[in-house]
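Heads up: the structure comes next, in structure tokens.
Protein chains: 2
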Amino acid sequence: MQGSVARQGRLSPMERKLRVAGGQLGPIQRADSREQVVDRLLALLTEAADLGCELIVFPELALTTFFPRWHVPDLAEFDHFYETEMPNAVTQPLFDEARRRGIGFSLGYALIERADDGTVHRWNVQTLVDTTGEIVATFKKVHIPGHDTFDPERPFQHAERYFFEPSPDGFGVWDAFGARVGMMICNDRRWPETYREMGLQGVELILCGYNTPIHYVPDPSQDELQGFHNKLVMQSGAYQNGTFVVGVAKGGVEEGVASLCESIIVAPSGQILAEATTDGDEVIWADLRLDWCKQYTGTLFDMDYYRRPEVYTRLTTMRGPNG
Amino acid sequence: MQGSVARQGRLSPMERKLRVAGGQLGPIQRADSREQVVDRLLALLTEAADLGCELIVFPELALTTFFPRWHVPDLAEFDHFYETEMPNAVTQPLFDEARRRGIGFSLGYALIERADDGTVHRWNVQTLVDTTGEIVATFKKVHIPGHDTFDPERPFQHAERYFFEPSPDGFGVWDAFGARVGMMICNDRRWPETYREMGLQGVELILCGYNTPIHYVPDPSQDELQGFHNKLVMQSGAYQNGTFVVGVAKGGVEEGVASLCESIIVAPSGQILAEATTDGDEVIWADLRLDWCKQYTGTLFDMDYYRRPEVYTRLTTMRGPNG
Numbered sequence: 001m002q003g004s005v006a007r008q009g010r011l012s013p014m015e016r017k018l019r020v021a022g023g024q025l026g027p028i029q030r031a032d033s034r035e036q037v038v039d040r041l042l043a044l045l046t047e048a049a050d051l052g053c054e055l056i057v058f059p060e061l062a063l064t065t066f067f068p069r070w071h072v073p074d075l076a077e078f079d080h081f082y083e084t085e086m087p088n089a090v091t092q093p094l095f096d097e098a099r100r101r102g103i104g105f106s107l108g109y110a111l112i113e114r115a116d117d118g119t120v121h122r123w124n125v126q127t128l129v130d131t132t133g134e135i136v137a138t139f140k141k142v143h144i145p146g147h148d149t150f151d152p153e154r155p156f157q158h159a160e161r162y163f164f165e166p167s168p169d170g171f172g173v174w175d176a177f178g179a180r181v182g183m184m185i186c187n188d189r190r191w192p193e194t195y196r197e198m199g200l201q202g203v204e205l206i207l208c209g210y211n212t213p214i215h216y217v218p219d220p221s222q223d224e225l226q227g228f229h230n231k232l233v234m235q236s237g238a239y240q241n242g243t244f245v246v247g248v249a250k251g252g253v254e255e256g257v258a259s260l261c262e263s264i265i266v267a268p269s270g271q272i273l274a275e276a277t278t279d280g281d282e283v284i285w286a287d288l289r290l291d292w293c294k295q296y297t298g299t300l301f302d303m304d305y306y307r308r309p310e311v312y313t314r315l316t317t318m319r320g321p322n323g
Numbered sequence: 001m002q003g004s005v006a007r008q009g010r011l012s013p014m015e016r017k018l019r020v021a022g023g024q025l026g027p028i029q030r031a032d033s034r035e036q037v038v039d040r041l042l043a044l045l046t047e048a049a050d051l052g053c054e055l056i057v058f059p060e061l062a063l064t065t066f067f068p069r070w071h072v073p074d075l076a077e078f079d080h081f082y083e084t085e086m087p088n089a090v091t092q093p094l095f096d097e098a099r100r101r102g103i104g105f106s107l108g109y110a111l112i113e114r115a116d117d118g119t120v121h122r123w124n125v126q127t128l129v130d131t132t133g134e135i136v137a138t139f140k141k142v143h144i145p146g147h148d149t150f151d152p153e154r155p156f157q158h159a160e161r162y163f164f165e166p167s168p169d170g171f172g173v174w175d176a177f178g179a180r181v182g183m184m185i186c187n188d189r190r191w192p193e194t195y196r197e198m199g200l201q202g203v204e205l206i207l208c209g210y211n212t213p214i215h216y217v218p219d220p221s222q223d224e225l226q227g228f229h230n231k232l233v234m235q236s237g238a239y240q241n242g243t244f245v246v247g248v249a250k251g252g253v254e255e256g257v258a259s260l261c262e263s264i265i266v267a268p269s270g271q272i273l274a275e276a277t278t279d280g281d282e283v284i285w286a287d288l289r290l291d292w293c294k295q296y297t298g299t300l301f302d303m304d305y306y307r308r309p310e311v312y313t314r315l316t317t318m319r320g321p322n323g
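Chains F and B supply the protein sequences, listed in that same order. First residue of the first sequence? That's 1 in this note's numbering, and the numbers climb one at a time after it. First residue of the second sequence? That's 1 in this note's numbering, and the numbers climb one at a time after it.
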């Protein structure tokens, strides 16, 4: 099972290749309209299309400011930050331009769903759109970070657990762009289970948008490590599952809160292929030689041969050390 | 649950501290006797004790050369590379000196067990010994890498799957040295499940010995990345589980095969606290402020609060993508 595998750098005409972009965003202030933001997204999409990219990944909550930094007594006060359908009037130009230029995109936003029985669900989602402007899938964030009540001691809130339900669906993969593609959102990238759930489905490319405040209130000693941690989790997740990862930030100083940029494209080797150098709107891109994945999933990370689920007795029977 | 936690660097007299060492070994050639090796281990242990360390971690298969680099038609031909009991006449001086100096150690070696019914088990193990010279636990390697039959195309074999059974026990933790301590061996460190199984048991310190040939025959493009990968997996495993990790190599050129050194001690932040700078016998050490772990396990990696086992539907129901 450890037969001959292609060496990195030795390209054959038979190999699958995908040119992919990350469309990093600088801050979106609360006063900015969705129309203004979509104009910025269109500029990034156009630049990526001009570069010959087939896919551009946009950040988490890419249509609005990161509103969980505030708390409102009535959750519904912030319903205007959520989309009710996708596409909609404001985002339709993105879908149209994607089809016209033949470039897909992945877009993070807040989604509100109202069922006929009156049930309301609020999700933090990322939608994948193909090169014909059709929706491939909408992924819901699994690992919701932060807190669920107002914390008066914080200079800014991180009340994602107030504003979003966690996904009941977990991590899927989809065949698109000639690859097996999965998605994760922000905090999902810190959890090794995220990558492994997709790795067990043969993922080759994971798309991730994030908003990461640099100041981590519960433990400020982590502030100066935000960039290191961001890379560490995506590089190790890529390596340990033999997959490409595209991680794209909304960063810069948004409503007074400095957030990490450093969008990256990571290879199955864990190496960084491209990295943003600004804290504003910026396109990064790389050519992904998709068969590179097999150099890991077909050798030392051949999971079918080497994994030991029979002795992983705690991964799903326990939530944490307390049970 | 995200209350005030101590900041890194702000030490209080109440904090638990452990001074720990890694005892890296240069090569052990086939002609070297166990007595010669134990003399080298004693020198490292003495140096660590002189430095005030309470524990020294030795590499995987630290009593012999890395014999799975050869293949023998009859497995039993290599039984002389295995210990039949621990301690034994050759290793007793290590236990005696540990007790005399009040320093524990963790030692990797091959162990053969013969049951009364004639069953024979061959394990790749690591034994933890406390400061009184008593055995705390013996851990068996879980993820056995390499191959199980002779491969004529390799310049050297990596036939661990021929020489060792995988552990049926998985990953445990033990309360020792004032900490919650776990063990892993070499290839175990590349699998996120390793750290997580121990993280779910509240591990604070993971001890790891390794032998890692720099030339990876199935995919030589990984050769130049061996050092990067070694650090990547231990740093991410430490960070994602809020634990210290001590990774200790047997490296240098052993029987013509160059092996990675770069022994490291990693903090729960993922930062490297100490790193070997030679490819020979060398002591590295660090002071571990054990409550640093809580700055991660009590905040963004509070697993009881944030993990989502209900949607990890594949981690233990599947071995790999093929089922």
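Where a beta carbon is used, it is the ideal one built from N, C-alpha and C, also for glycine.
Quick one: Cα of residue i to Cα of residue j, how far?
| i | j | result |
| --- | --- | --- |
| residue 146 of chain F | residue 283 of chain B | 41 Å |
| residue 334 of chain B | residue 65 of chain B | The structure shown does not extend to residue 334 of chain B, since chain B spans only 1 to 323, so no value can be given for it. |
| residue 236 of chain F | residue 279 of chain F | 24 Å |
| residue 125 of chain B | residue 195 of chain B | 17 Å |
| residue 264 of chain B | residue 205 of chain B | 13 Å |
| residue 297 of chain B | residue 105 of chain F | 35 Å |
| residue 242 of chain F | residue 294 of chain F | 7 Å |
| residue 234 of chain B | residue 266 of chain B | 7 Å |
| residue 73 of chain F | residue 162 of chain F | 10 Å |
| residue 17 of chain F | residue 56 of chain B | 48 Å |
| residue 199 of chain B | residue 100 of chain F | 49 Å |
| residue 247 of chain B | residue 92 of chain F | 53 Å |
| residue 183 of chain B | residue 312 of chain F | 15 Å |
| residue 45 of chain F | residue 133 of chain F | 13 Å |
| residue 322 of chain F | residue 308 of chain B | 14 Å |
| residue 20 of chain F | residue 47 of chain F | 12 Å |
| residue 305 of chain B | residue 49 of chain F | 42 Å |
| residue 53 of chain F | residue 103 of chain F | 7 Å |
Is residue i close to chain B? Criterion is C-beta to C-beta, closer than 9 Å.
| i | result |
| --- | --- |
| residue 229 of chain F | yes |
| residue 210 of chain F | no |
| residue 156 of chain F | no |
| residue 313 of chain F | yes |
| residue 265 of chain F | no |
| residue 171 of chain F | yes |
| residue 259 of chain F | no |
| residue 288 of chain F | no |
| residue 144 of chain F | yes |
Tell me, which residues are paired with residue i by DSSP?
| i | result |
| --- | --- |
| residue 184 of chain B | B:208 |
| residue 174 of chain F | F:181 |
| residue 83 of chain B | B:111 |
| residue 275 of chain F | F:264 |
| residue 56 of chain B | B:21, B:105 |
| residue 221 of chain B | DSSP, once it has assigned bridges, lists no residue as partnering residue 221 of chain B. |
| residue 31 of chain B | In the DSSP output, where bridge partners are listed per residue, residue 31 of chain B has none listed. |
In chain order, what residues of the same chain have a beta carbon less than 8 Å from the beta carbon of residue i, not counting five sequence neighbours either side?
| i | result |
| --- | --- |
| residue 259 of chain B | 27, 66, 211, 212, 213, 214, 249, 250, 251, 252, 253 |
| residue 43 of chain B | 281 |
| residue 178 of chain F | 16, 18, 290 |
Just to confirm my understanding: we take residue i, look at its own chain, exclude 5 residues before and 5 after, and list those with CB closer than 6 Å. What are they?
| i | result |
| --- | --- |
| residue 63 of chain F | 34, 37, 109 |
| residue 143 of chain F | 187, 188, 191 |
| residue 60 of chain B | 108, 185, 186, 209, 210, 211 |
| residue 139 of chain B | 126, 183 |
Drop a sphere of 10 angstroms on the beta-carbon of residue i, count the other beta-carbons inside from all chains shown, and report buried for 16 or more, exposed for fewer.
| i | result |
| --- | --- |
| residue 302 of chain B | buried |
| residue 203 of chain B | buried |
| residue 290 of chain F | buried |
| residue 96 of chain B | exposed |
| residue 14 of chain B | exposed |
| residue 152 of chain F | exposed |
| residue 11 of chain F | Note on residue 11 of chain F: pLDDT 47, under 50, position unreliable in the model; no value is reported. |
| residue 81 of chain B | buried |
| residue 170 of chain B | buried |
| residue 316 of chain B | buried |
Would you say residue i lies against chain F (beta-carbon separation less than 9 Å)?
| i | result |
| --- | --- |
| residue 308 of chain B | yes |
| residue 150 of chain B | no |
| residue 299 of chain B | yes |
| residue 205 of chain B | no |
| residue 216 of chain B | yes |
Leaving out five residues on either side along the sequence, give the residues of the same chain with a beta carbon under 7 Å from the beta carbon of residue i.
| i | result |
| --- | --- |
| residue 225 of chain B | none |
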